[in-house]
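Visitor: Before we start, here is the structure in question, set down as structure tokens.
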Amino acid sequence: MDSNKRGQWGSNLGFLLASVGSAIGLGNLWAFPYKMGKSGGFAFLALYLVLVVLVGIVLMLGEFALGRHTGHGAGGAYAALAKKYSFVGWMAVISPFLILGFYCVLGGMVLRYCLGFLVQIFGVDGFAGQGSSFFGWLLYSPGSMLIFLAIFLAITMFIVMGGIKGGIERFSKTVMPALAVILVVIIVFVALQPGAIEGYKFMFLPNPEVLSTPGDFFEVLKTASGQMFFSLSVGMGINITFGSYLSKDRSLQRNAVIVPVADTVFALLAGMMILPACAAFGVDYAQGPGLLFASMQKVFLDGMGGMAGNVIGFLFYFLVFIAAVTSSIALLEVCTAFIVDKQLDKGQEPKRRTVTGIFGILVFLIAIPVSLDALGSGDAAIKAPFELMGLSEASAMWNDCWLDFYDMITEGLLMPIGALFMSIILGWLLPKLVKEECQASGHKFKGETYFKVCFRIVVPAVMLLVLGTQIKSFFF
Ligand code: TRP
Numbered sequence: 036m037d038s039n040k041r042g043q044w045g046s047n048l049g050f051l052l053a054s055v056g057s058a059i060g061l062g063n064l065w066a067f068p069y070k071m072g073k074s075g076g077f078a079f080l081a082l083y084l085v086l087v088v089l090v091g092i093v094l095m096l097g098e099f100a101l102g103r104h105t106g107h108g109a110g111g112a113y114a115a116l117a118k119k120y121s122f123v124g125w126m127a128v129i130s131p132f133l134i135l136g137f138y139c140v141l142g143g144m145v146l147r148y149c150l151g152f153l154v155q156i157f158g159v160d161g162f163a164g165q166g167s168s169f170f171g172w173l174l175y176s177p178g179s180m181l182i183f184l185a186i187f188l189a190i191t192m193f194i195v196m197g198g199i200k201g202g203i204e205r206f207s208k209t210v211m212p213a214l215a216v217i218l219v220v221i222i223v224f225v226a227l228q229p230g231a232i233e234g235y236k237f238m239f240l241p242n243p244e245v246l247s248t249p250g251d252f253f254e255v256l257k258t259a260s261g262q263m264f265f266s267l268s269v270g271m272g273i274n275i276t277f278g279s280y281l282s283k284d285r286s287l288q289r290n291a292v293i294v295p296v297a298d299t300v301f302a303l304l305a306g307m308m309i310l311p312a313c314a315a316f317g318v319d320y321a322q323g324p325g326l327l328f329a330s331m332q333k334v335f336l337d338g339m340g341g342m343a344g345n346v347i348g349f350l351f352y353f354l355v356f357i358a359a360v361t362s363s364i365a366l367l368e369v370c371t372a373f374i375v376d377k378q379l380d381k382g383q384e385p386k387r388r389t390v391t392g393i394f395g396i397l398v399f400l401i402a403i404p405v406s407l408d409a410l411g412s413g414d415a416a417i418k419a420p421f422e423l424m425g426l427s428e429a430s431a432m433w434n435d436c437w438l439d440f441y442d443m444i445t446e447g448l449l450m451p452i453g454a455l456f457m458s459i460i461l462g463w464l465l466p467k468l469v470k471e472e473c474q475a476s477g478h479k480f481k482g483e484t485y486f487k488v489c490f491r492i493v494v495p496a497v498m499l500l501v502l503g504t505q506i507k508s509f510f511f
């Protein structure tokens, strides 16, 4: 396909805003802190950082290069290299679809908190009389869960259908710095609370004992790897699409470093806000997916309290909401573009709106169990997957609740498998592709040996370890 017809980024800034906007989202603010809290603090953080450097940046570069080289999005890029590789492209679409199945539920919850604080500013109780225990109430309120899921999904669909994505992306130029500022404000507030220091210790003091049993080490490695895929948005084709719109005179390598670094900074800020808050306000680090909501509610209502708490709470959730939307539109766009590209290839008139509408409905359907199982807390409207499968909870560590179940299929299986194939293709079968793309328009390919060793050996080896750990968890 002619690259001009597909359009290109007006500037490198446009490209960066789109990739950074889609990378930074609930993965950084919601998932990173709770996974760190559940997986031993420092041990998780250390492995995460190593993985970003050895795997994340390498995959990001590989995906940008693949996209720009083939001029196709996720679906078409692998097929353009050779028909036999097309299955890797398919995996790249299933992941964003399943992720949307829980992303929109969380996005809806963020919206609910945002509105709660907004009405509190006007003196109306926004949290059903529950105050800082609102989270537990919300989980068991199917009506609220479904309505806010529907609103978040509808907003995402509306933006993708209306083609006003460009405007939203430019929006992230102001939202991201604003989000950073409010995170820092909250971090400082939390730091001044008695007891907060324990949270920093948990994050930053080496705790080798967590990693000394091999079983624990591989568990933490698997969790950190999954989080790396999710947060950087690698291993699911989105960066292939972004790369396909990037013109040849831009430096691929620079972009492949800036995006992961920016993403990691936001994850660290979120961690430094939430874990010390847990320490100061007596919230259990290891409580799982509810951690952000539970800990921040204490900070805003019990810690700051009054008008200040309501205003900061509202601003915080509003910015998190925008960050989540800039990610969810990218997720839905991958799904839509996959089908639209296929229609174009067949010479058909592409039906963007219809395709987006159908995906939206399918996402809603798969999101229903995520909304209604109370995150596996028991006695919910819908049973958790392990209960439905007749497994005992003890043997079902890999699918506690529907959210974890989708998460496990994507982060634990599809993304590492996709990354394994990609690194083999780019490392061994087409070893010149990345180098040539990086050198386009006279750029230097920096760290050639590093990237070569990572593509050929490090990434495949880590992916095999992660997949092995995931598969083992099904049986023991
Ligand atoms: N990285 C995003 C976040 O941290 C979530 C995400 C995962 C995503 N895969 C993606 C966003 C693909 C856009 C496209 O919230």
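Heads up, the sequence shown is in my numbering, so the first residue is 36 and it goes up one at a time. Where a beta carbon is used, it is the ideal one built from N, C-alpha and C, also for glycine.
Which first and last residues belong to the alpha helix (DSSP H) in which THR191 is found?
Guide: Start at 1 with the first residue of the sequence shown, and residue 191 comes out as number 156. Its alpha helix (DSSP H) spans residues 177-197.
Visitor: Can the beta-carbon of SER162 be found less than 8 Å from the beta-carbon of GLY178?
Guide: Reading the sequence shown from its first residue, position 127 is the one you call residue 162. Reading the sequence shown from its first residue, position 143 is the one you call residue 178. The question names Ser, yet the displayed sequence has Phe at residue 162. Not closer than 8 Å, so no.
Visitor: Just tell me which of LEU61, ILE134, PHE480, SER279 has its CA closest to the CA of ASP439.
Guide: Within the sequence shown, numbered from 1, the residue matching residue 439 stands at position 404. Nearest C-alpha to ASP439: ILE134.
Visitor: Say yes only if the C-beta of MET211 is nearer than 7 Å to one or more non-hydrogen atoms of ligand 1, and no if none qualify.
Guide: Taking the sequence shown and counting its residues from 1, one reaches residue 211 at position 176. Checking the Cβ of MET211 against ligand 1 gives no.
Visitor: For MET339, which of helix, strand or coil comes out of DSSP?
Guide: The residue labelled residue 339 in the question sits at position 304 within the sequence shown. Residue state, collapsed to three classes: helix.
Visitor: Within this structure, are the beta carbons of PHE67 and ALA358 separated by less than 8 Å?
Guide: Here the question's residue 67 lines up with position 32 in the sequence shown. Here the question's residue 358 lines up with position 323 in the sequence shown. It is not a contact, given that the beta carbons lie outside the stated cut-off.
Visitor: Flag this pair as touching only if the region 343-354 and the region 92-108 have three or more C-beta atom pairs under 8 Å; answer yes or no.
Guide: As far as the Cβ criterion goes, the region 343-354 does not touch the region 92-108, which means the pair count is below three.
Visitor: Once DSSP output is grouped into helix, strand and coil, what is the label at LEU408?
Guide: Sequence index remark: in the sequence shown, residue 408 carries index 373 (1-based). For the sequence presented, residue 408 should be read as Asp rather than Leu. Reduced to three states, the DSSP call for ASP408 is coil.
Visitor: Between LYS481 and VAL300, what straight-line distance do the alpha-carbon atoms span, to the nearest angstrom?
Guide: If you number the sequence shown from 1, residue 481 lands on position 446. If you number the sequence shown from 1, residue 300 lands on position 265. Approximately 23 Å between the Cα atoms of the pair.
Visitor: Whole angstroms are fine: how far does the CA of GLY106 sit from the CA of LYS40?
Guide: Here residue 40 corresponds to residue number 5 of the sequence shown, with the count starting at 1. Here residue 106 corresponds to residue number 71 of the sequence shown, with the count starting at 1. Confidence in LYS40 is poor, its pLDDT being 49 and thus under 50, which makes the residue's placement unreliable; the coordinate value appears in the next sentence. Going by the C-alpha atoms only, they are around 11 Å apart.
Visitor: Please specify which runs of the beta strand (DSSP E), each continuous and at least 3 residues long, are wholly inside the region 117-141, giving them in chain order.
Guide: List check, beta strand (DSSP E) in window: nothing returned.
Visitor: Could you have a look at ASP442 and say whether DSSP puts it in helix, strand or coil?
Guide: Within the sequence shown, the letter at position 407 stands for residue 442. If DSSP states are grouped into helix, strand and coil, ASP442 belongs with the helices.
Visitor: When you compare only the Cα positions, how much space is there between LYS118 and ALA314?
Guide: Taking the first residue of the sequence shown as position 1, residue 118 is located at position 83. Taking the first residue of the sequence shown as position 1, residue 314 is located at position 279. Going by the C-alpha atoms only, they are around 53 Å apart.
Visitor: Given 7 Å as the limit, tell me if GLY91 has its C-beta closer than that to any heavy atom belonging to ligand 1.
Guide: Against the sequence shown, residue 91 aligns to sequence position 56. No - ligand 1 has no heavy atom lying nearer than 7 Å to the Cβ of GLY91.
Visitor: Ligand 1 and ASN290: does any heavy atom of the ligand fall closer than 7 Å to the residue's C-beta?
Guide: Taking the sequence shown and counting its residues from 1, the one referred to as residue 290 is at position 255. A distance criterion of 7 Å places the beta-carbon of ASN290 beyond contact range of ligand 1, judged by its closest non-hydrogen atom.
Visitor: Relative to the alpha-carbon of TYR138, which residue among VAL469, VAL123, LEU188, MET339 has its alpha-carbon at the smallest distance?
Guide: Here residue 138 refers to the residue found at position 103 when the sequence shown is read from its first residue. Nearest of VAL469, VAL123, LEU188, MET339 to TYR138, Cα basis: LEU188.
Visitor: Is the Cβ of ALA343 closer than 8 Å to any Cβ of chain C?
Guide: In the structure shown, chain C does not exist; there is a single protein chain.
Visitor: Got a sec, what are the start and stop residues for the alpha helix (DSSP H) GLN47 sits in?
Guide: Taking the first residue of the sequence shown as position 1, residue 47 is located at position 12. The question names Gln, yet the displayed sequence has Asn at residue 47. Per DSSP, ASN47 belongs to the alpha helix (DSSP H) from 47-58.
Visitor: How about ASN242: is its Cβ closer than 7 Å to a heavy atom in ligand 1?
Guide: In the sequence shown, counting from the first residue as 1, residue 242 sits at position 207. Because no heavy atom of ligand 1 lies under 7 Å away, the Cβ of ASN242 does not count as near it: no.
Visitor: Using a Cβ-Cβ cut-off of 7 Å (strictly less than) and excluding sequence neighbours within five positions of PRO495, which residues of its own chain qualify?
Guide: In the sequence shown, counting from the first residue as 1, residue 495 sits at position 460. LEU455, SER458, ILE459, listed in sequence order.
Visitor: Could you check what DSSP says for LYS479 in three-state terms: helix, strand or coil?
Guide: By one-based count along the sequence shown, residue 479 stands at place 444. In this structure, LYS479 counts as coil in the three-state DSSP scheme.
Visitor: Just confirm the distance between the C-beta atoms of TYR148 and PHE328, as a whole number of angstroms; I'd bet it's less than 8 Å.
Guide: Sequence index remark: in the sequence shown, residue 148 carries index 113 (1-based). Sequence index remark: in the sequence shown, residue 328 carries index 293 (1-based). With 8 Å as the limit, TYR148 and PHE328 qualify as a contact, their Cβ atoms being about 7 Å apart.
Visitor: Using only alpha-carbon positions, find the residue among PHE77, GLY75, LEU116 that is nearest to LEU461.
Guide: Counting from 1 along the sequence shown, the entry for residue 461 is found at position 426. Comparing Cα-Cα distances from LEU461 to each of PHE77, GLY75, LEU116, the minimum goes to LEU116.
Visitor: If you run the structure through DSSP and keep just helix, strand and coil, what is VAL88?
Guide: Along the sequence shown, read from residue 1 onward, the residue named residue 88 stands at position 53. Three-state result, VAL88: helix.
Visitor: Leaving out the 5 sequence neighbours to the left and right, which residues in its chain are closer than 8 Å to VAL219 when beta-carbon positions are compared?
Guide: One-based indexing of the sequence shown puts residue 219 at position 184. So the qualifying residues of the chain are LEU304.
Visitor: So, at 6 Å on beta carbons, what are the nonlocal neighbours of LEU502 in its own chain, with the 5 sequence-adjacent residues on each side left out?
Guide: One-based indexing of the sequence shown puts residue 502 at position 467. Here the set comprises PRO451.
Visitor: Let me check understanding here. Comparing Cα to Cα, which of LEU48, LEU267, ARG388 lies closest to LEU86?
Guide: Here residue 86 corresponds to residue number 51 of the sequence shown, with the count starting at 1. The shortest Cα separation from LEU86 among LEU48, LEU267, ARG388 belongs to LEU267.
Visitor: Under three-state DSSP, which class holds LEU246?
Guide: Position 211 of the sequence shown, counting from 1, holds the residue named residue 246. Note: LEU246 maps to helix in three-state DSSP.
Visitor: Using C-beta distances below 7 Å, list every residue in its chain close to LYS73, excluding the 5 sequence neighbours before and after it, in chain order.
Guide: Taking the first residue of the sequence shown as 1, we reach residue 73 at position 38. Same-chain partners within the cutoff: ALA321, GLY323.
Visitor: With ALA312 as the anchor, note down where its alpha helix (DSSP H) starts and where it stops.
Guide: Taking the first residue of the sequence shown as 1, we reach residue 312 at position 277. Run containing ALA312: 287-316, per the alpha helix (DSSP H) assignment.
Visitor: Within 8 Å, do at least three Cβ pairs link the region 375-383 to the region 359-367?
Guide: Two segments are said to touch when three or more pairs of C-beta atoms, one from each, lie closer than 8 Å; by this definition the region 359-367 does not touch the region 375-383.
Visitor: Quick check: what's the CA-CA separation for SER286 versus SER54?
Guide: Counted from its first residue, the sequence shown places residue 286 at position 251. Counted from its first residue, the sequence shown places residue 54 at position 19. If you take the alpha carbons of SER286 and SER54, they lie about 14 Å apart.
Visitor: Smallest Cα separation from LEU184: which of ILE221, CYS436, GLY142?
Guide: Reading the sequence shown from its first residue, position 149 is the one you call residue 184. The residue with the shortest Cα to Cα distance from LEU184 is GLY142.
Visitor: Does any heavy atom of ligand 1 sit closer than 7 Å to the C-beta of PRO527?
Guide: The first residue shown for the chain is 36 and the last is 511, placing residue 527 beyond what the model contains.
Visitor: State the DSSP-derived secondary structure class of ASP284, mapped to helix, strand or coil.
Guide: Residue 284 sits at position 249 when you count from the first residue of the sequence shown. Of the three classes helix, strand and coil, the one that applies to ASP284 here is coil, per DSSP.
Visitor: Evaluate contact between the region 269-286 and the region 466-476, counting only Cβ atoms and requiring at least three cross-stretch pairs below 8 Å.
Guide: yes
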